[in-house]
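In mature numbering (1 follows the signal peptide of the UniProt record, and there is no 0), the protein residues as written are -21 to -1, 1 to 146.
Below: one structure, written as structure tokens.
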């Protein structure tokens, strides 16, 4: 499988894990902190900045949010595959560190640098912790999934391949 496609597919799997983790952690926040999750806030902010009428986008808000969330994740997964292909580090550790890096660069660099919301500097400690842990889940899942796809190679769906340990 192509290196970049492998990263994108692995990230689609990992983004699902991350999203479920965010949903669960969001439920545990105090009621005053249960505003929409950051991917929805980012999508709303981008829509406003590009001049997309709120009423026009209301019908497809969830779809736009999920598309942008998974799309950003896929770009992250492709970057992960390209940057880490020669690393000897354990995939779960490598992925976890990458996930933490993506969280830091995104919420304390890219998002505030583009004047978007929610910046990590404006979120409460609880919401920052939620997003840090969600990115940790994403990174670990990404590392695991990308490694599995790499090991299986062309035998991905043949039913014969049974890689039994992380390498």
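From the three backbone atoms N, C-alpha and C, an ideal C-beta is built for every residue, glycine too.
| Check | Outcome |
| --- | --- |
| Residue 109 versus residue -16: straight-line alpha-carbon distance, rounded | 27 Å |
| Backbone secondary structure at residue 9 - three-state DSSP | coil |
| Counted within 10 angstroms of its Cβ, other Cβ atoms place residue 133 as buried (16 or more) or exposed | exposed |
| Alpha carbon of residue -19 to alpha carbon of residue 42, nearest angstrom | 27 Å |
| Distance, residue 82 Cα to residue 100 Cα | 12 Å |
| The region 56 to 75 in contact with the region -17 to -2 per 3-pair CB rule at 8 Å | yes |
| C-alpha gap between residue 75 and residue 22, whole angstroms | 25 Å |
| Same chain only: Cβ atoms within 8 Å of residue 25, ignoring 5 sequence neighbours per side | 47, 95 |
| Buried versus exposed, by CB contacts within 10 Å (16 or more), residue 16 | buried |
| For residue 30, three-class secondary structure by DSSP | coil |
| Alpha helix (DSSP H) segment containing residue 42, residue limits | 40 to 63 |
| Own chain, CB closer than 7 Å to residue 12, minus 5 neighbours either side, in chain order | 103, 105, 106 |
| Integer Cβ distance of residue 183 from residue 122, believed to fall under 8 Å | Residue 183 is absent from the model: the chain starts at -21 and stops at 146. |
| Candidates -3, 29, -10: closest to residue 111 by CA position | -3 |
| Simplified DSSP state of residue 147, which is helix, strand or coil | Residue 147 cannot be examined here, being either before or after the span of the chain that is shown, -21 to 146. |
| Rounded straight-line distance, which links the Cα of residue 38 to that of residue 52 | 23 Å |
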